[in-house]
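See below for the structure under consideration.
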Amino acid sequence: MKSVSAWVLSVLFLSAAPLMAQVPDGKGAGPEEQADDRAYKSLSATPCLSGFAGPFPCENVDLLSRLTRAELGGGSARLNDLWGWEDPETGRRYVLQGKEDATAFVDVTDPEAPVYLGLLPLRQGARASVWRDIKVRGEYAFIVADGAGNHGMQVFDLTRLRNVTTPRTFAASTVYEGFGSAHNVVMNEETGFAYAVGTRSGNCPLGLHMIDVSDPVRPVFAGCHQDERFSRGYTHDAQCVVYTGPDATHQGREICIGSNESALSIVDVTDKSQIRQLGVGTYPTSRYVHQGWLSEDHRYFYQNDEGDERVNPRTRTLVWDVTDLDDPTLVLEFNPGPEAIDHNLYTHEGLLYEANYTSGLQVMDIISPEDPVRVAYFDTTPNDSQVSFNGAWTVYPYFSDGTVALSSRSEGLFLLRLTGILVSRLESFQTRVSGDEVAIEWTMRRQKDVTRYEFELVREDGSAEMLASVDGGGDALDRQSFSLVTSALPPGRSQVRLVAVASDGQRRVLLEDELFVVPGTHFVAAPWPNPTGSRARVSLLVANAQDVTVELYDEAGRRVGELHGGFLKPEEELRLDVDVAGLAAGRYWVRFTGLNFTAVQPLFVAR
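Under the numbering used here, residue 707 is the last one in the sequence shown; the count climbs by one each step, no gaps.
Set out below in structure tokens:
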């Protein structure tokens, strides 16, 4: 049984402070490099081959690069949260990597050669903390820390990262001081409101602390909400959106779904002065409702429970149907991978990305929301399988070039890319057989990197022969339909399969099936072996159900005997063994008679 690390909950009540303080820009070099990073040496681009990318177990995930803690400004501080930003003016991409005592900035425009740009240290007078959280709106980053004393919310102008050539130490553009510490900051980019949650001291401790950041360098307190339906009213994490889901009553409203330790809390925050409480999601085996994210159509909410691994033998992700925001319904619990504490998860383009501490990144296909399937993983701690708070903290899957950023507490920043074939299950598959012609049609709900589809005949020894192929079309996020026609199948029953082939040659069998082909009204297989001195096998296929007889005649036309008489169904092969041990040498005839056909095959008896 895997051991579980002790849980430490630090609750710090700090005195209130003025709402905002301007901080001058800092100059100078970055912190001293860390001398000893014993976890793993740096790795450059390393493909996932035979289940490993270097020392890291993987499937369908390539390692593009990795920066150790020493390469992220040094020091002994471990990593925590991260977020991403794409500069709309230059097109360059950046990772904002949280550390226990700072935020590191990394240019990942070339993910195989990331460039460390410098650090934004924690606010002077604050203290280092395990928890740091970062979100972005427009060209500004918003950064909070939990258990960090008088930290506040740092606001940082990301355009200052342009043209940085040597690592430097930055200062915040401003600091919002409406609270000291906060566990997370939630951002609704559409409305321009930030929501600090799990705050300590200041206005609105524990719950939703609402901040208008439409003018990012002049953030303004906008409201407060603590859900009294829960004992502490504490919100650990949340997602706030302008709702576009199927619940017509709430469409167009600003909705927050909070992970509130013991339950989900759904509230309407459109009017910050009159928060409307909607549904509550509870389940009997909850241990710590930690974090979650909506599906892109706002129909489902995927949630993790950070504490249940202490009592449950497996990791689980919970799926809520939120088509009625006043009455969320738990519809599924599933296992996203090896046993580990699940931490942060996000949805993007039909995939669910989970950062699950010692099992690393786990990726699920959620095109069928209530039937998720794991399609990829990357383990950042191959030598640690304990149920503990080591390993992958969070993941950012939203870069336009497909780069996935993953932070691992001691192991560093990993830049990854999903590779190989990532396709959902077939939505539909149909075959039509007409004589010896087979027409195949199928629909995929999602696909990635599919160069072509192959239709193969599977032989009895397990080998395969490609009969036909069709262009795969590469990547597609929506449904794609395909078809092909072939006359290459042999008569009778055949095992076939549909295979997707990636650009790098990787192959995935999508479906195996059995087809029955009868060219015309019937098919007769010639006797075998022929000649024979003992036995020979003959077979018959018919396209339509009917009575058939099979008889043996000698060369003079005399009937030797009846081999079969009876009803034969289509897609049923009649196989007969003809015993010729008592017959004289010579030529005989096997006659097949059906409803609308007669066929004759010669059989030679040798002595």
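Virtual Cβ for every residue (Gly too), placed ideally from N, Cα, C.
Everything numeric in this text was worked out from a predicted model, so none of it was measured.
query: Which residues in the same chain have their Cβ closer than 8 angstroms to the Cβ of residue 218, if we skip the five residues on either side of it in sequence?; result: 130, 173, 204, 205, 264, 267, 268, 269, 270
query: Exposed or buried, what is residue 354 when buried is set at 16 or more other beta-carbons lying within 10 Å of its beta-carbon?; result: buried
query: Could you give the uninterrupted runs of the beta strand (DSSP E) lying entirely in the stretch 598–624, keeping only those of 3 residues or more?; result: 607–617
query: Compute the beta-carbon to beta-carbon distance between residue 399 and residue 469, rounded to the nearest angstrom, for a pair I have assumed lies under 8 angstroms.; result: 7 angstroms
query: Can you check DSSP and say which residues form a bridge with residue 702?; result: 689
query: Given a cut-off of 8 angstroms, decide if residue 185 and residue 236 are closer than it, judged by their beta-carbon atoms.; result: yes
query: Thinking just about the alpha-carbon of each residue, which of 196, 238, 181 is nearest to the one in residue 189?; result: 238
query: Please give me, in chain order, every unbroken run of the beta strand (DSSP E) with length at least 3 that falls completely inside the stretch 262–298.; result: 274–276, 284–288, 293–297
query: Is residue 105 helix, strand or coil when you go by DSSP?; result: Because the pLDDT at residue 105 is just 35, under 50, the model does not fix this residue reliably, and the value given afterwards should be weighed accordingly. Coil, per DSSP.
query: What is the rounded straight-line gap between the Cα of residue 668 and the Cα of residue 645?; result: 6 angstroms
query: Nearest to residue 600 by alpha carbon, out of 574, 621, 501?; result: 574
query: For residue 233, which option in 662, 620, 246 has the closest C-alpha, if you only look at C-alpha atoms?; result: 246
query: For residue 213, is the classification buried or exposed, using 16 other Cβ atoms within 10 angstroms of its Cβ as the cut-off for buried?; result: exposed
query: If we ignore side chains and look at the alpha-carbon of each, how far apart do residue 653 and residue 559 end up?; result: 35 angstroms
query: Who are residue 149's beta bridge partners in DSSP?; result: 152
query: By DSSP, does residue 329 sit in helix, in strand, or in coil?; result: coil
query: Under 8 angstroms by Cβ, that's how I've got residue 693 and residue 632 pegged, so tell me the actual separation to the nearest angstrom.; result: Between residue 632 and residue 693 the Cβ distance is about 23 angstroms, and since that is not below 8 angstroms, they are no contact.
query: Within the chosen definition, does the stretch 371–378 reach the stretch 334–346 through at least 3 CB pairs nearer than 8 angstroms?; result: no
query: Buried or exposed: which applies to residue 200, given that a residue is buried once 16 or more other Cβ atoms fall within 10 Å of its Cβ?; result: buried
query: Which residues bound the beta strand (DSSP E) around residue 311?; result: 308–312
query: Three-state secondary structure (DSSP) at residue 564?; result: strand
query: Applying the criterion that 16 or more other CB atoms from any shown protein chain within 10 Å of the CB defines a buried residue, is residue 542 buried or exposed?; result: buried
query: List, from N- to C-terminal side, the beta strand (DSSP E) runs of 3 residues or more that fit wholly inside the stretch 422–454.; result: 429–434, 444–448
query: Answer yes if the stretch 627–642 comes into contact with the stretch 665–679, meaning at least three C-beta pairs across the two stretches below 8 angstroms, and no otherwise.; result: yes
query: Candidates 191, 472, 499, 680: which alpha carbon is nearest residue 259's?; result: 191
query: Give the DSSP bridge partners of residue 356, in chain order.; result: 340, 367
query: Cα separation between residue 282 and residue 582?; result: 51 angstroms
query: Which term fits residue 178, buried or exposed, when burial requires 16 or more other beta carbons within 10 angstroms of its beta carbon?; result: buried
query: Taking Cβ to Cβ, would you say residue 700 is nearer than 8 angstroms to residue 691?; result: yes
query: Would residue 244 and residue 284 qualify as a contact pair, given that the criterion is a beta-carbon distance under 8 angstroms?; result: yes
query: Of all the CB atoms in chain D, is at least one closer than 8 angstroms to the CB of residue 575?; result: Reference to chain D is not applicable here, since this structure consists of a single protein chain.
query: In this structure, what does DSSP give as the bridge partners for residue 647?; result: 667
query: Just to confirm the assignment, what range does the beta strand (DSSP E) spanning residue 180 have?; result: 179–186
query: Can you tell me where the beta strand (DSSP E) holding residue 507 begins and where it ends?; result: 504–508
query: With a threshold of 6 angstroms on Cβ separation, who are the neighbours of residue 434 within its own chain once the five nearest residues in sequence on each side are excluded?; result: 417, 472
query: Does the Cβ-Cβ distance between residue 478 and residue 461 come in under 8 angstroms?; result: yes
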